[in-house]
Amino acid sequence: MGMKKNTTAAEKVKKRNAETPQDEQKDVILVKGARTHNLKNVTVAFPRNKFIVVTGVSGSGKSSLTIDTLFAEGQRRYAESLSAYARQFMARMVKPDVDYIKGLCPAIAIEQKVITRTPRSTVGSMTEIYDYFRLMYARVGRTISPISGRQVKKDDVTDVVEAVKELPEGMRIVILVPFKQHANRDAREELNILLQKGFSRMYVRATAGSEQTAGELLRIEDLLEMDEKTLKKKLPVKAKAAAKTKTKVKVAESTEEEIKDSGVYLLVDRIVTKAFDEDDIHRLSDSVNTAFYEGEGEVFLEVNGHELLHYSNRFELDGLTFEEPVPNLFSFNNPYGACPTCEGFGQVLGIDEDLVIPDKRLSVYESGVAPWKGEKLGAWRDQFIKGARSIDFPIHKPIADLTAEQYKMLWNGGGTVFGIRDFFKEVEQNLYKVQYRVLLSRYRGRTTCPECNGYRLRKEALYVKVDGRNIGELCEWQVKDLQQWYSRLPLNEHEQQIAKRILLEINQRLQTLVDVGLGYLTLNRLANSLSGGESQRIQLTRSLGSNLTNSLYILDEPSIGLHSRDTEKLITVLKQLKELGNTVVVVEHDEMMMREADHIIDMGPLASHLGGEVVAAGTYDELIADPDSLTGKYLKGELTIDAPRQPRKWRNSIVVEGARQNNLKDVTATFPLNVLCVVSGVSGSGKTTLVKQVLYPALKKLKGEPADKVGFHKALKGDLEMINQIELVDQNPIGKSSRSNPVTYIKAYDDIRDLFAKQPLSKMRGFQPKHFSFNVDGGRCDTCKGEGEQIVEMQFLADVHLTCEVCGGKRFKEEVLEVQYKGKSVYDVLEMSVDEAVEFFSEEKSLAKAIQPLHDVGLGYIKLGQSSDTLSGGEAQRVKLASFLGKGKAQGHILFIFDEPTTGLHFHDIKKLLTSFQALVEQGHSLLVIEHNTDVIKSADWVIDLGPEAGDAGGNLVFAGIPAELKKVKESYTGKFL
Numbered sequence: 001m002g003m004k005k006n007t008t009a010a011e012k013v014k015k016r017n018a019e020t021p022q023d024e025q026k027d028v029i030l031v032k033g034a035r036t037h038n039l040k041n042v043t044v045a046f047p048r049n050k051f052i053v054v055t056g057v058s059g060s061g062k063s064s065l066t067i068d069t070l071f072a073e074g075q076r077r078y079a080e081s082l083s084a085y086a087r088q089f090m091a092r093m094v095k096p097d098v099d100y101i102k103g104l105c106p107a108i109a110i111e112q113k114v115i116t117r118t119p120r121s122t123v124g125s126m127t128e129i130y131d132y133f134r135l136m137y138a139r140v141g142r143t144i145s146p147i148s149g150r151q152v153k154k155d156d157v158t159d160v161v162e163a164v165k166e167l168p169e170g171m172r173i174v175i176l177v178p179f180k181q182h183a184n185r186d187a188r189e190e191l192n193i194l195l196q197k198g199f200s201r202m203y204v205r206a207t208a209g210s211e212q213t214a215g216e217l218l219r220i221e222d223l224l225e226m227d228e229k230t231l232k233k234k235l236p237v238k239a240k241a242a243a244k245t246k247t248k249v250k251v252a253e254s255t256e257e258e259i260k261d262s263g264v265y266l267l268v269d270r271i272v273t274k275a276f277d278e279d280d281i282h283r284l285s286d287s288v289n290t291a292f293y294e295g296e297g298e299v300f301l302e303v304n305g306h307e308l309l310h311y312s313n314r315f316e317l318d319g320l321t322f323e324e325p326v327p328n329l330f331s332f333n334n335p336y337g338a339c340p341t342c343e344g345f346g347q348v349l350g351i352d353e354d355l356v357i358p359d360k361r362l363s364v365y366e367s368g369v370a371p372w373k374g375e376k377l378g379a380w381r382d383q384f385i386k387g388a389r390s391i392d393f394p395i396h397k398p399i400a401d402l403t404a405e406q407y408k409m410l411w412n413g414g415g416t417v418f419g420i421r422d423f424f425k426e427v428e429q430n431l432y433k434v435q436y437r438v439l440l441s442r443y444r445g446r447t448t449c450p451e452c453n454g455y456r457l458r459k460e461a462l463y464v465k466v467d468g469r470n471i472g473e474l475c476e477w478q479v480k481d482l483q484q485w486y487s488r489l490p491l492n493e494h495e496q497q498i499a500k501r502i503l504l505e506i507n508q509r510l511q512t513l514v515d516v517g518l519g520y521l522t523l524n525r526l527a528n529s530l531s532g533g534e535s536q537r538i539q540l541t542r543s544l545g546s547n548l549t550n551s552l553y554i555l556d557e558p559s560i561g562l563h564s565r566d567t568e569k570l571i572t573v574l575k576q577l578k579e580l581g582n583t584v585v586v587v588e589h590d591e592m593m594m595r596e597a598d599h600i601i602d603m604g605p606l607a608s609h610l611g612g613e614v615v616a617a618g619t620y621d622e623l624i625a626d627p628d629s630l631t632g633k634y635l636k637g638e639l640t641i642d643a644p645r646q647p648r649k650w651r652n653s654i655v656v657e658g659a660r661q662n663n664l665k666d667v668t669a670t671f672p673l674n675v676l677c678v679v680s681g682v683s684g685s686g687k688t689t690l691v692k693q694v695l696y697p698a699l700k701k702l703k704g705e706p707a708d709k710v711g712f713h714k715a716l717k718g719d720l721e722m723i724n725q726i727e728l729v730d731q732n733p734i735g736k737s738s739r740s741n742p743v744t745y746i747k748a749y750d751d752i753r754d755l756f757a758k759q760p761l762s763k764m765r766g767f768q769p770k771h772f773s774f775n776v777d778g779g780r781c782d783t784c785k786g787e788g789e790q791i792v793e794m795q796f797l798a799d800v801h802l803t804c805e806v807c808g809g810k811r812f813k814e815e816v817l818e819v820q821y822k823g824k825s826v827y828d829v830l831e832m833s834v835d836e837a838v839e840f841f842s843e844e845k846s847l848a849k850a851i852q853p854l855h856d857v858g859l860g861y862i863k864l865g866q867s868s869d870t871l872s873g874g875e876a877q878r879v880k881l882a883s884f885l886g887k888g889k890a891q892g893h894i895l896f897i898f899d900e901p902t903t904g905l906h907f908h909d910i911k912k913l914l915t916s917f918q919a920l921v922e923q924g925h926s927l928l929v930i931e932h933n934t935d936v937i938k939s940a941d942w943v944i945d946l947g948p949e950a951g952d953a954g955g956n957l958v959f960a961g962i963p964a965e966l967k968k969v970k971e972s973y974t975g976k977f978l
């Protein structure tokens with residue numbers, strides 16, 4: 001049967017290639033004879049400049065064909081263009097096992113790994129939007145003084161020349177500079193220096209109230225001939241300037257300002273306004289330039305002997321000197337722009353508000369402020385309660401319900417009432433006493449930086465505003481709100497001209513973020529708090545922003561974590577990428593994606609050694625018509641995932657009351673026990689917040705187990721005593737070490753080691769089970785320590801993994817590998833897929849039974865010894881599920897929480913997964929699943945739908961009930977797609 005299948009697949013490829021005329025074949029990327037991993041000599045054509053979906057059951061060879069063959073070869077060809085230093089390592093890079101690839105263009109792979117762990121990286125910096133914002137603020141931002149609220153301006157020569165040209169003709173103008181006498185010189189010395197510089201006249205302005213209107217012109221030579229007494233009379237200036245009179249001057253914005261004025265000036269030039277020709281402009285510019293230099297940045301123009309205009313090229317106002325806006329001033333990753341207190345992290349070690357007020361459901365009167373307890377410290381609470389009326393503070397209102405103003409009052413106090421900050425100030429003054437040091441340590445934690453309020457930038461950067469907003473405020477807005485503000489940005493013509501290119505780039509990126517369904521994120525959201533799907537779509541935004549053409553984009557399931565509504569938008573974005581002239585290859589199981597694709601390649605027919613062939617290729621209609629395509633059968637409806645006839649009835653439940661964390665709006669939700677319960681809703685509607693930040697940690701705390709901070713909610717009620725254990729099965733890797741793998745995780749490797757230690761050759765050589773372990777010295781290869789590979793650090797490039805030269809990647813010493821069971825060494829067993837191993841160990845009942853759960857959850861294709869860091873998030877999650885399935889009924893009643901377990905699963909595998917879920921419920925456990933997949937939602941016994949939208953417009957309970965009823969709810973997007 002297998003043989004026949006093989007020939008049909010091969011015949012099809014031949015036929016397909018024969019049908020394609022030669023000139024058309026030029027317009028394809030042709031992969032010939034690919035044999036990477038489980039691929040069976042595959043020849044397949046990817047049409048160029050098309051949107052192509054590669055599908056097939058999990059483990060059928062999709063990633064092997066796209067990432068490990070196409071992308072690896074693209075990367076290797078790029079590496080050949082690098083320097084000789086980089087190439088010496090790249091020479092050992094494994095060339096994909098393929099005959100040849102024709103027509104390959106530069107390849108970019110966007111995988112679903114969270115690419116960064118640093119707390120400095122944010123959504124804004126990953127998408128490059130923040131970098132463009134920095135440029136925009138440096139170019140068109142206005143520096144506003146925090147004292148007067150006026151714009152800080154700096155005048156230059158052109159400003160002064162323009163002002164002179166605008167005056168009516170016939171005006172007499174005198175260009176003046178204040179006469180400054182330095183500390184160690186007398187007036188005579190100062191005048192001598194000015195004479196040597198080429199100046200010839202001084203000018204003394206008429207004092208207010210005198211009969212004289214015009215100022216008095218004095219020749220410097222005449223002044224030098226006077227005796228000391230007369231000179232002092234003529235130039236009443238002491239060193240460092242005498243007590244000055246206040247003079248009102250006009251500044252550039254035609255507002256008046258008072259300056260200190262000694263009345264004595266150096267005259268730089270005199271002119272009469274007229275229609276200036278080019279020579280006049282040159283002379284005027286020279287004079288103004290000289291005046292700015294002599295006046296140390298200050299120039300005065302006296303018009304017609306009375307009106308005084310003031311110009312300054314210093315960036316100053318209201319007695320403050322401001323920083324000139326440059327891009328680095330707005331960078332929190334640069335010492336020039338970062339807040340000096342928190343060094344650009346936005347958080348410091350200080351008083352943690354959540355520790356001081358652990359339960360916001362209590363009021364101040366009910367001792368909601370934790371440190372204000374006991375005989376001595378309780379006095380703080382009493383004084384606050386007594387003085388509350390004078391500052392109009394509600395002492396009986398739960399702290400959670402206080403307005404922002406009242407909450408501030410509780411911390412800062414007011415009038416004669418002392419707040420929490422005053423309390424901690426006193427504690428800090430008494431730190432020489434040990435009990436106060438202990439008290440303070442109890443309430444210390446990571447808290448928002450008080451200097452920059454979490455904006456991460458120095459205060460000078462926050463004085464610069466565009467449309468009245470500083471750059472920190474923009475980063476706190478959701479992308480969709482930011483986009484609206486941005487589209488209405490009121491810039492004048494000059495600013496539009498300067499920022500035209502920057503505005504275009506920002507707009508494009510903001511639009512893409514909204515299009516890929518990430519409009520609910522904020523730019524200051526930390527990159528390490530994003531899910532794999534979000535991280536991948538952000539990288540997609542960056543790729544679109546870079547406007548590359550003629551490239552090959554390979555995306556690994558970009559629809560992960562997306563509600564069907566947002567998948568539609570994502571398809572539009574991928575098509576835009578194609579419109580730019582790129583070839584877009586998507587590894588995907590989503591039905592909507594397949595309907596929209598120009599070309600589909602279906603891998604199969606099954607997983608691992610039973611897969612690795614191209615079963616069908618062509619358009620959506622061709623795929624449905626193909627009798628060999630398993631995917632086609634599901635799309636056509638020949639095979640289906642059937643929902644259970646009747647949802648299970650339930651009696652017991654857990655109720656979360658009044659959840660208000662993040663965007664949840666006072667949600668009260670009932671989670672039934674002993675059934676399969678699904679939480680659905682669009683991306684960003686609050687599913688993860690409700691389940692992983694409120695329910696899960698609150699349950700752990702009640703069970704007395706360590707947990708993260710519990711999200712705000714009023715109460716947790718229901719049949720809590722029924723649950724013995726809570727297990728969160730998420731998509732985090734199953735092990736930190738590269739030596740951890742599925743078979744060790746499900747504890748089946750112990751049996752394999754025992755089996756090999758029992759073989760006759762092992763007994764002769766004295767081998768024990770430890771000799772067959774790659775985690776301890778003994779039987780493992782000493783060079784690579786059982787890793788099978790060595791890592792070369794490439795400084796600025798990604799690390800290169802190279803096969804160990806001593807053991808050839810086999811992990812064990814030669815004498816250990818000579819021990820065989822049924823003709824296979826321990827290395828051969830680790831290289832087997834789960835399905836092969838179940839057959840191979842059929843006689844060893846306990847071992848076969850231990851491995852079976854991996855097959856049941858749809859992981860029959862992974863190798864037993866596959867390193868855990870090569871497993872995708874969805875695979876890691878299903879390995880965890882298998883380990884629980886293997887334990888059976890012994891553990892008591894467990895509440896399992898799954899976060900999108902269908903990640904990376906084909907329809908056929910989702911069917912298997914749902915069978916595993918039902919098995920867990922039958923064993924007496926409860927399942928709570930966060931999911932977008934309509935097949936899983938249909939199979940649930942109870943659905944909780946959040947929304948209706950994402951971000952601020954979400955966080956409401958839209959529906960709770962059986963799936964059949966959800967279809968009738970108009971507000972629910974999930975209902976529409978069901």
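Residue numbers (full-length UniProt numbering): 1 to 978. Cβ atoms here follow ideal geometry from the backbone N, Cα and C, with glycine treated the same way.
Own chain partners of residue i with C-beta closer than 6 Å, once the 5 adjacent residues on each side are dropped
i: Ser531; result: Gly561
i: Gly735; result: Ser868
i: Glu211; result: With a pLDDT of 49 at Glu211, under the threshold of 50, the predicted position of this residue should be treated as unreliable, though the coordinate-derived value follows. Cβ neighbours of Glu211 beyond the five flanking positions: none.
i: Thr549; result: Leu580, Gly581
i: Leu555; result: Ile110, Val586
i: Lys386; result: none
i: Gly350; result: Thr447
i: Glu965; result: none
Candidates the options, of which the one nearest residue i by Cα
i: Thr567; options: Gly545, Arg542, Met594; result: Met594
i: Ser487; options: Glu473, Gln497, Leu504, Ile471; result: Leu504
i: Thr273; options: Arg381, Ala187, Val969, Gly170; result: Gly170
i: Arg525; options: Val356, Ser125, Arg509; result: Ser125
i: Trp477; options: Leu523, Arg446, Tyr463; result: Leu523
CB contact flag (residue i, residue j, <8 Å)
i: Leu881; j: Val655; result: no
i: Asp628; j: Ala643; result: no
i: Ala597; j: Tyr620; result: yes
i: Phe330; j: Leu457; result: yes
i: Arg648; j: Asp941; result: yes
i: Gly198; j: Ala206; result: no
i: Val682; j: His801; result: no
i: Ala848; j: Val834; result: no
Residue i, enclosing beta strand (DSSP E) - first and last residue
i: Pro672; result: 667 to 672
i: Gly942; result: Residue 942 is actually Trp in this sequence, not Gly. Run containing Trp942: 942 to 947, per the beta strand (DSSP E) assignment.
i: Ala109; result: 107 to 110
Chain-order list of residues whose beta-carbon lies under 7 Å from that of residue i (same chain, five-residue window excluded)
i: Gly74; result: Leu104, Pro106, Ala107, Leu552
Range of the contiguous alpha helix (DSSP H) that encloses residue i
i: Asn732; result: Where Asn732 is concerned, there is no enclosing alpha helix (DSSP H), given that its DSSP letter is neither H nor E.
i: Ala882; result: 873 to 887
i: Lys102; result: Run containing Lys102: none in the alpha helix (DSSP H); it sits in the beta strand (DSSP E), 100 to 102.
Contact set for residue i: own chain, Cβ-Cβ below 8 Å, skip 5 residues either direction
i: Lys970; result: none
Ranges of the alpha helix (DSSP H) found wholly within the segment 521 to 607, counting only runs of at least 4: Here the runs fully enclosed are 532 to 545, 564 to 579, 591 to 596.
Secondary structure, beta strand (DSSP E): runs of 3+ residues fully inside the segment 426 to 487: 444 to 448
3 or more residues per run - each beta strand (DSSP E) lying fully within the segment 890 to 940: 894 to 899, 926 to 930
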